[in-house]
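Student:
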Amino acid sequence: DRKCEVVLVSSGAIAAGLAKLGLRKTKSMPLPLKQAAAAVGQSGLMWMYEKTFGGHGKKVAQVLLTREDLSSRVRFLNARNTLQTLLEYGVVPIINENDTVAVDEIKFGDNDNLSGMVVHLADADLLVILSDIDGLYTADPRLHPSAKLIPVVEKITAEMERGAGDALTTVGTGGMRSKIMTAKKVGAYGVPMVIINGRKHGALSSLFEGKDVGTLFLPKEEQNRSRQHWIAYSACSSGGLVVDDGGREALVSRGKSLLPGGIVRVEGSFKAGDCVNCSDNKGNVFARGLTKYSSADLEQIKGLKTSQIASVLGHKDYDEVIHRDDLVIL
């Protein structure tokens, strides 16, 4: 009844399907079984949501996404238009990964990661993650009873990422580290995130009443534009470019475009227009961008001056490999 629009990212289809099939939950179950269980469980999950929301006079809609849907800029924008239309008609979208067709190589990984992408997709103002603990602690409270809840995180540090751990549930995926990475992702888009205990009655109501619950992650002051955020977090990487120290300095510190002279190695096979990672000689990925040349062309012109491109390839469409406007520093 509060005048806000809600998009719900839900899990549970695989677990519900396994229960219907009379199967045990295991971490090592094969992908086809997960996909079959998801197909069985989706209908029951949506029936539950329809019954629950219907009791409050609300309509719901099922939206199943794959990583490929958000990696394609055209499909991303189509999905955004669908969500906006549903919200305009007062419908609550229930979003889940389309586990029946998604494969490991292109899966979101967990619903924390998916919810972070949905923030960008829905142009949301706030992300609330319902967890099984009260928020982010100074240590794992299940192992360290003296651990203290951290009410506000202004900046996510490398130490915080390392200390979060990677605890997983048996059927679901995702631990506190994935939640912190999601907070970092949505924070770059200018959106705050809150972790609260979804098992505590009234926790969500308390949050919207302005009470101090959970952990609030504040967003960055400098925010990525929508297209930059899509490049950084939604587009799938098709390959990589290893960049020398001079090239890295030009990109990171001086805001320049990537030229062929700064490339020392080409990794993977990709086409012009694909998204690629940029890494240093130690393998640290520091940027992502849309390449103007294919991997085949780059194998021939890497390390060369722009003036040499035409003589090697027989044509020169662009001076730069990745233009600054198509590049995001991570």
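To convert, note that position 330 of the sequence shown is 333 in the working numbering; the numbers rise steadily by one, no gaps.
Here a beta-carbon is modelled for each residue, glycine too, at the ideal position from N, C-alpha and C.
Predicted model, so just to flag it, every value in this text is computed and none were measured.
Would the beta-carbon of VAL269 fall within 8 Å of that of LEU244?
Tutor: In this structure, LEU244 lies closer than 8 Å to VAL269 by Cβ.
Student: Anyone know if the C-beta pair for ILE198 and GLY138 falls short of 8 Å?
Tutor: Going by C-beta atoms, ILE198 is nearer than 8 Å to GLY138.
Student: Between the Cα of LEU34 and the Cα atoms of ASP102, HIS318, LEU24, PHE289, which residue gives the shortest distance?
Tutor: For the residues ASP102, HIS318, LEU24, PHE289, the minimum Cα distance to LEU34 belongs to ASP102.
Student: Taking the Cβ atom as the reference point for each residue, do LEU68 and GLU100 lie within a distance shorter than 8 Å?
Tutor: Result yes, Cβ atoms of LEU68 and GLU100 sit closer than 8 Å.
Student: Give me the Cα-Cα distance between GLY178 and ALA299, rounded to the nearest whole angstrom.
Tutor: Cα to Cα, the separation comes out at about 39 Å.
Student: Just mark SER149 as buried or exposed, buried being the case when its beta carbon has 16 or more other beta carbons within 10 Å.
Tutor: With fewer than 16 Cβ atoms within 10 Å of its Cβ, SER149 is classed as exposed.
Student: Under a three-way DSSP split, which group does THR309 fall into?
Tutor: THR309 falls in the helix class under three-state DSSP.
Student: Excluding the 5 residues flanking VAL331 on each side, which residues of the same chain have their C-beta closer than 7 Å to its C-beta?
Tutor: Within the same chain, VAL331 has close Cβ partners ASN227, GLN231, ILE234, ALA235, ALA290, ARG291, GLY292.
Student: Bridge partners of ARG83, per DSSP?
Tutor: According to DSSP, which records beta bridges pairwise, ARG83 is partnered with nothing at all.
Student: Just to confirm, are ALA41 and ALA16 a CB contact at a threshold of 8 Å?
Tutor: Yes, these two residues count as a Cβ contact at 8 Å.
Student: Whole angstroms are fine: how far does the CA of GLY317 sit from the CA of ASP135?
Tutor: Cα-Cα distance, rounded: 60 Å.
Student: In angstroms with no decimal places, state the Cα-to-Cα distance between VAL194 and LEU254.
Tutor: Cα to Cα, VAL194 sits roughly 26 Å from LEU254.
Student: List the DSSP bridge partners of ALA290.
Tutor: Answer is CYS281, ILE332.
Student: Run the CB neighbour count on GLN303, radius 10 Å, all protein chains shown included, and call it buried at 16 or more, exposed below.
Tutor: Exposed: under 16 other Cβ atoms inside 10 Å.
Student: Between the alpha carbons of THR343 and TYR321, how many angstroms are there, rounded?
Tutor: No answer is possible for residue 343: it lies beyond the span of the chain, which begins at 4 and ends at 333.
Student: Could you check where the beta strand (DSSP E) with SER302 kicks off and where it finishes?
Tutor: The sequence shown places Glu at residue 302, rather than the Ser named in the question. Unbroken run through GLU302 is the alpha helix (DSSP H), 298-304; no beta strand (DSSP E).
Student: Using a threshold of 8 Å, state whether the C-beta atoms of ASP113 and SER208 are closer than that.
Tutor: Result no, Cβ atoms of ASP113 and SER208 do not sit closer than 8 Å.
Student: Which term fits THR3, buried or exposed, when burial requires 16 or more other beta carbons within 10 angstroms of its beta carbon?
Tutor: Nothing in the structure corresponds to residue 3, since the chain is present only between 4 and 333.
Student: Using a Cβ-Cβ cut-off of 8 Å (strictly less than) and excluding sequence neighbours within five positions of VAL10, which residues of its own chain qualify?
Tutor: LEU86, LEU90, VAL95, PRO96, ILE98, VAL121, ALA125, ALA127.
Student: Which same chain residues end up closer than 6 Å to HIS326 when comparing Cβ atoms and leaving out the 5 residues on each side of it in sequence?
Tutor: The residues are SER260.
Student: PHE211 and VAL156: beta carbons closer than 8 Å?
Tutor: No, the pair does not count as a contact, with Cβ atoms beyond the cut-off.
Student: Mapping DSSP to helix, strand and coil, what is ILE199?
Tutor: If DSSP states are grouped into helix, strand and coil, ILE199 belongs with the strands.
Student: Per DSSP, what are the beta-bridge partners of THR218 in this structure?
Tutor: DSSP lists ILE198 as partners of THR218.
Student: My understanding is that VAL279 touches VAL246, with C-beta atoms under 8 Å, so please give their C-beta distance in whole angstroms.
Tutor: With a Cβ gap of about 11 Å, VAL279 and VAL246 do not count as contacting.
Student: Excluding the 5 residues preceding and the 5 following THR55 in the sequence, name in chain order all residues of the same chain whose CB lies nearer than 8 Å to its CB.
Tutor: Excluding positions up to five away in sequence, the list is empty.
Student: If you draw a straight line from the alpha carbon of VAL104 to that of GLN38, how long is it in whole angstroms?
Tutor: Rounded to whole angstroms, VAL104 to GLN38 spans 7 Å at the Cα level.
Student: Which residue from GLY271, GLY249, MET163 puts its Cα closest to that of PRO263?
Tutor: The shortest C-alpha separation from PRO263 is found at GLY249.
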